[in-house]
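Protein sequence lines, in the order shown, are assigned to chains L and D. Those letters in the first sequence? Residues 1 to 336, by full-length UniProt numbering. Those letters in the second sequence? Residues 1 to 259, by full-length UniProt numbering. C-beta atoms are modelled at their ideal positions from N, C-alpha and C, and glycine is treated no differently. Keep in mind that this is a model prediction, so the values were computed, not measured. A short worksheet on the structure shown next.
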Amino acid sequence: MYHKEKSIQIKNSASALYNNLGVLRIAPRRLTYFTVVHANVVNMVSASWDGLNYSHRQLQSKEPNVATSTSLIMQAAFCVLPSRDLLVVTSQKGIQMYESDGSIMVYWHALDTPETPTAQAVFARGISAVWENYICVGVSSGAILVFDVPSKGSNITLSEVLEEHKESITDMASECSGSQECIADLVSADDGGNLCVWKSGEEFQLLNKIPGFDMSCSSVKLWKGTVVAGYGTGQIRLYEAVTGILHAEVNAHARWIYSLDIAPFSGLLLTAAEDSLVRVWHLTMTPETNSVEIAHLHNECVTDTQICGARFCDSDGYAFAVTGYDLSEIIRYTQT
Amino acid sequence: MSVRTLPLVFINLGGEMLYILDQRLEAHNTSEDNSEKVMNDIIRTMFSKPFMDELLKPHQLYSHRTVKTVLTRLAHASIMRLNPASIDRLYELMIMAFKYQVFLCPRPKDLLLISYNHIDTIREFVKDTPVIMNQVDETHRKIIEVYSCLSEGEFQLLRQTLLVFFQDMHVRVSLFLKNQVQNPNGRFSLSTSGPVPHGGDVPGLIRICEELTCFCLIQDEQVASELARIAGQFAEREEQPENSNSNKGDDLLAMMDDL
């Protein structure tokens, strides 16, 4: 179904962090941007579609002169909004927002870090753009910071803090391109496996809370009103977002799941875990019976590698890319 | 990242250091008295109350340079002296041994079991010296107190912090190469078969839940058969397992959980 393409070499190896691969497709310029986090640095590669041009850039976390261990980056992700695309980088120090090519930092939000470390670690993790002009970022305390993003410029403001989760946020996801009526447009996940479903607006509204089973949900996606969640046990669960009804449960991997992605036009699901496997599945919705089906399609094994990032490179799922701990390359696969 | 890494770093790296030193002392035909004295002095210093209490406070992870300096000072708390080349090689071996264990542990909570293994062996080294053995026991008790209430997610954060510490280190260790747990390029071998971790399930099962329609209980044959049809919609479907994983070993791990 897929075959391996030429890998993209990156300047540093990927760190073992959840969802450690960002992809942004720039169709007008026939380019794709990739981001991979290594300790306190984000490696950015801009790859031309003809495979002939690659340019690299590195973004440092704020206050890089301080010891590496205090300024470690947790995640880097692209946020696609109707008027602009931004690259958001979250670390132990706070949240940095850049123009999507990484050229200029447009916003910095510092986290409240105590002088001497307290028992609870402090960091930001979990990034999602939410229709129409919000970027949401999770924090280790369980809070979610909602930023209001203007269509251009750096006048980004913190508009709301959502305090529903009691454990560290692991991942967040949204859907809603604005062209259809969505009831839920954001889902957030935490270290206890709890999921919160939200409706965006001037004041975000909590629609549903789906309890976890004390097992971390490391990666989450929202598609056609269905939450797809990956857990540390290697299991995937599909829930109806608004009601919390469990549609399906899949024993997908033998180790901790690190990354999930969905290709929205085709319903293809990509899952990747520490067991060195990337799996491709197909989701089908049947509105008449209110059911969701999931079928397993394909596997790829990245030998001796604990995978930490996997993403489709386009909305149809024609190609996907993978990163692994200690690997200094982005591995790519394309449909045959 | 995690602020709870230091005690595990020093207990595990210290433990590896002691295994290697013990083996080297024996290989050099050091007298039993001197060997015992060296091991006792190092362990007494490593497990001293002030040292451990300091480590147990929340800390960001130290740099390699700092960790190596502290471990060298611990080794030199004894009459033994190591030259810089020996220290470098010793440090590489310790790091690779601990990296191997952290990288391959089936679930993050196993970091605690790895640490307990090291503490148990260290206890063996000082079994003839009750005072030092008490220090080791006291440390063991404190570790249980601090770590046993952490969640699986918090352990994974701890593990991820340690993996950043070990990142890009691929020193080849002859024992690992010989046993084929390490490849010639220095990367560890990751098996795609074997037991799943305790609490996990063997991949392969897809369970689809279909919604049961609400119904009223009426004594009517036609309705009864319709109800039976609806009840039959709650079905499980099973696929062929992709991997040959099995559940062997999870009972042992469950027992170890209770320790």
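Any beta carbon from chain D within less than 9 angstroms of L17/L's own beta carbon?
For the purposes of this step, residue 17/L is taken as the residue at position 17 of the first sequence. Chain D, which has a Cβ nearer than 9 angstroms to the Cβ of L17/L, makes this yes.
Look up K68/D in the DSSP assignment and say whether it is helix, strand or coil.
Counting from 1 along the second sequence, the entry for residue 68/D is found at position 68. If DSSP states are grouped into helix, strand and coil, K68/D belongs with the helices.
Quick check on V9/D: buried or exposed, where buried means 16 or more other Cβ atoms within 10 Å of its Cβ?
In the second sequence, the residue the question calls residue 9/D occupies position 9. So V9/D ends up on the buried side.
Which residues does DSSP list as the beta-bridge partners of Q134/L?
Residue mapping note: residue 134/L aligns to position 134 of the first sequence, counting from 1. Per the sequence shown, residue 134/L should be read as Tyr rather than Gln. Y134/L pairs with V130/L, D148/L.
Would you verify that the beta carbon of L71/D is, or is not, closer than 9 angstroms to some beta carbon of chain L?
Position 71 of the second sequence, counting from 1, holds the residue named residue 71/D. No, L71/D lies away from the interface with chain L (no Cβ there is under 9 angstroms from its Cβ).
In chain L, which residues lie less than 7 angstroms from C209/D when you measure between Cβ atoms?
Taking the second sequence and counting its residues from 1, one reaches residue 209/D at position 209. Residues of chain L passing the Cβ test: L246, H247, A248.
Does any CB atom of chain L fall closer than 9 angstroms to the CB of P203/D?
Here residue 203/D refers to the residue found at position 203 when the second sequence is read from its first residue. At least one chain L Cβ lies under 9 angstroms of P203/D.
Go to Q75/L, then tell me how far its beta strand (DSSP E) extends in each direction, as first and last residue.
To locate residue 75/L, count along the first sequence from 1; it is residue 75. Where Q75/L is concerned, the enclosing beta strand (DSSP E) stretches over 73-80.
On a Cα-Cα basis, can you pick out the residue from I10/L, L283/L, P150/L that is closest to V130/L?
In the first sequence, the residue the question calls residue 130/L occupies position 130. Comparing Cα positions, the closest option is P150/L.
Where do the ends of the beta strand (DSSP E) carrying G230/L lie?
Looking up residue 230/L in the first sequence gives position 230. Unbroken beta strand (DSSP E) run through G230/L: 226-231.
Using a Cβ-Cβ cutoff of 8 angstroms, what residues of the region 302-329 of chain L are near chain D? List them in chain order.
The residues in question are T303, D304, T305, Q306, Y325, D326.
Going by DSSP, which residues form a beta bridge with Y19/D?
Stepping through the second sequence from its first residue, residue 19/D is reached at position 19. Per DSSP, none; premise fails for Y19/D.
Could you check where the beta strand (DSSP E) with K178/D kicks off and where it finishes?
What you label residue 178/D is simply residue 178 of the second sequence in a count that begins at 1. Per DSSP, K178/D belongs to no beta strand (DSSP E); it is in the alpha helix (DSSP H), 174-178.
For the region 215-230 of chain L against the region 182-198 of chain L, are there 3 or more C-beta pairs whose distance is under 8 angstroms?
They touch, by the three-pair rule.
Whole angstroms are fine: how far does the CA of K37/D sit from the CA of I20/D?
Within the second sequence, the letter at position 20 stands for residue 20/D. Within the second sequence, the letter at position 37 stands for residue 37/D. Roughly 16 angstroms between the two C-alpha positions.
Shortest alpha-carbon distance to L61/D belongs to which of P130/D, L74/D, E32/D, R159/D?
Sequence index remark: in the second sequence, residue 61/D carries index 61 (1-based). Minimum Cα distance to L61/D is reached at R159/D.
I'd like to know if D101/L contacts chain D, where contact means its C-beta is closer than 9 angstroms to some C-beta of that chain.
On the first sequence, position 101 is the one that residue 101/L refers to. No, its Cβ sits nowhere closer than 9 angstroms to a Cβ of chain D.
Can you find the residues in the same chain that come closer than 6 angstroms, C-beta to C-beta, to A241/L, ignoring five residues on each side of it along the sequence?
Indexing the first sequence from 1 puts residue 241/L at position 241. Closer than 6 angstroms at Cβ, skipping near neighbours: A184, V197, G225, V227.
To be precise: take each residue of the region 224-242 of chain L, compare its Cβ to all Cβ atoms of chain D, and keep it if any distance is under 8 angstroms. Which residues remain?
So the list reads G232, T233, G234, Q235, given in the order they occur along the chain.
Just to confirm the assignment, what range does the alpha helix (DSSP H) spanning E274/L have?
The sequence position of residue 274/L within the first sequence is 274, counting from 1. Per DSSP, E274/L belongs to no alpha helix (DSSP H) and is neither H nor E.
Quick one: is P58/D near chain L, going by C-beta distance under 9 angstroms?
By 1-based counting over the second sequence, the position of residue 58/D is 58. Chain L contact via Cβ: present.
Starting from F98/D, trace the beta strand (DSSP E) in both directions and tell me its first and last residue.
Taking the first residue of the second sequence as 1, we reach residue 98/D at position 98. Taken as a continuous stretch (DSSP letters only), F98/D belongs to no beta strand (DSSP E), being part of the alpha helix (DSSP H) at 84-104.
Leaving out the 5 sequence neighbours to the left and right, which residues in its chain are closer than 7 angstroms to E236/D when beta-carbon positions are compared?
As a working note, residue 236/D is residue 236 in the second sequence. Residue placement at E236/D is poorly supported in this model, since its pLDDT is 42, which falls under 50; the coordinates still yield a value, given next. Hits under 7 angstroms: R207.
Note down, one range per segment and in chain order, each alpha helix (DSSP H) of at least 4 residues found wholly within the region 110-145 of chain D.
Qualifying alpha helix (DSSP H) stretches, in chain order: 110-125.
What's the gap between the Cα of S61/L and the Cα of T170/L?
Translated into the one-based positions of the first sequence, residue 61/L becomes position 61. Translated into the one-based positions of the first sequence, residue 170/L becomes position 170. Computed Cα separation, rounded: 19 angstroms.
Taking 9 angstroms as the cut-off, decide whether the C-beta atoms of A252/L and A273/L are in contact.
Start at 1 with the first residue of the first sequence, and residue 252/L comes out as number 252. Start at 1 with the first residue of the first sequence, and residue 273/L comes out as number 273. Contact flag set, yes.
Check whether the region 312-319 of chain L and the region 13-32 of chain L touch, using three or more Cβ-Cβ pairs below 8 angstroms as the test.
Yes: the two stretches touch, three or more of their Cβ pairs being nearer than 8 angstroms.
Report the rounded CA-to-CA distance for N53/L versus D101/L, giving the unit in angstroms.
Here the question's residue 53/L lines up with position 53 in the first sequence. Here the question's residue 101/L lines up with position 101 in the first sequence. Spanning the two alpha carbons is a distance of roughly 15 angstroms.
Taking just the CA atoms, how far does V202/D sit from E238/D?
On the second sequence, position 238 is the one that residue 238/D refers to. On the second sequence, position 202 is the one that residue 202/D refers to. With a pLDDT of 42 at E238/D, under the threshold of 50, the predicted position of this residue should be treated as unreliable, though the coordinate-derived value follows. Rounded to whole angstroms, E238/D to V202/D spans 12 angstroms at the Cα level.
Output, in chain order, the set of chain L residues within a Cβ distance shorter than 8 angstroms of F188/D.
To locate residue 188/D, count along the second sequence from 1; it is residue 188. Correct list: D304.
Whole angstroms is fine: what's the gap from S148/D's alpha carbon to P108/D's?
Along the second sequence, read from residue 1 onward, the residue named residue 148/D stands at position 148. Along the second sequence, read from residue 1 onward, the residue named residue 108/D stands at position 108. So the alpha carbons of these two residues sit roughly 12 angstroms apart.
Do the region 105-114 of chain L and the region 83-94 of chain L touch if we need at least three Cβ pairs shorter than 8 angstroms?
Yes, the region 105-114 of chain L touches the region 83-94 of chain L.
Quick one: give me the first and last residue of the beta strand (DSSP E) that N43/L is part of.
Here residue 43/L is taken as the residue at index 43 of the first sequence, counted from 1. Run containing N43/L: 41-48, per the beta strand (DSSP E) assignment.
Closer than 7 angstroms between beta carbons: that is the criterion. Which residues of the region 72-102 of chain L meet it against chain D?
So the list reads L72, Q92, given in the order they occur along the chain.
Is it right to say F78/L is buried, meaning 16 or more other beta carbons lie within 10 angstroms of its own, or is it exposed?
Sequence index remark: in the first sequence, residue 78/L carries index 78 (1-based). With 16 or more Cβ atoms within 10 Å of its Cβ, F78/L is classed as buried.
Tell me which same chain residues have a C-beta within less than 7 angstroms of the C-beta of K142/D, skipping the five on either side of it?
Working through the second sequence from its first residue, we reach residue 142/D at position 142. These residues qualify, in order along the chain: M52, L56.
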